Amino acid sequence: VQLQASGGGLVQAGGSLRLSCAASGRTFSMGWFRQAPEKEREFVAATESNGTPYYSDSVKGRFTISRDNAKDTVHLQMNSLKPEDTAMYYCAAGTCVSLKPRDYESWGQGTLVTVSS
């Protein structure tokens, strides 16, 4: 499965962005990870095919993941953004929901989110 991510950009703290990821085929789990400079890739959010969401504690209450199975697309609505949310965001797809990057088989190219203070 190929993934195409979009929607990153520059926003001020407190602002919002919406990321999208389109898959070339059906997947069970789709999610988002992020990686800041000199840091490891970390889990952000994921969803199963039935739409059940999972969030990291750092984004819970601010980010919302949603899925459109008819279009094999997942979205990440990011509100109340903070400078520490600045990172390259990657969408991922796999056969299970996991907090570990190694458990996902397919990855998008990444989209940069920059939050200014």
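Numbering (the numbering used here), first residue to last: 33 to 149.
Cβ atoms here follow ideal geometry from the backbone N, Cα and C, with glycine treated the same way.
Predicted, not measured: the structure shown is a model, and the values here were computed from it.
Enclosing beta strand (DSSP E) for residue i [first to last residue]
i             : result
aspartate 100 : 95 to 100
glutamine 36  : 35 to 38
glycine 126   : 119 to 126
serine 148    : 143 to 148
Beta-carbon gap between residue i and residue j smaller than 8 Å
i           : j                : result
glycine 126 : phenylalanine 60 : yes
leucine 49  : valine 129       : no
proline 115 : serine 81        : no
glycine 41  : serine 112       : no
alanine 68  : tyrosine 122     : no
Same chain, Cβ closer than 7 Å to residue i, neighbours up to 5 away in sequence not counted
i          : result
glycine 93 : none
valine 33  : Ala55, Ser56, Gly57, Thr59, Ala125 and Ser138
glycine 39 : Leu49, Arg50, Leu51, Ser52 and Thr143
Proximal residues to residue i (C-beta, below 8 Å), its chain only, five neighbours per side dropped
i             : result
aspartate 135 : Gly126 and Cys128
Chain-order list of residues whose beta-carbon lies under 6 Å from that of residue i (same chain, five-residue window excluded)
i             : result
aspartate 117 : Val147
valine 106    : Cys53, Met62 and Arg99
Enumerated in chain order, which unbroken segments of the beta strand (DSSP E) with a length of 3 residues or greater are wholly contained in the segment 41 to 113? 41 to 44, 49 to 55, 61 to 67, 74 to 79, 85 to 87, 95 to 100 and 105 to 110
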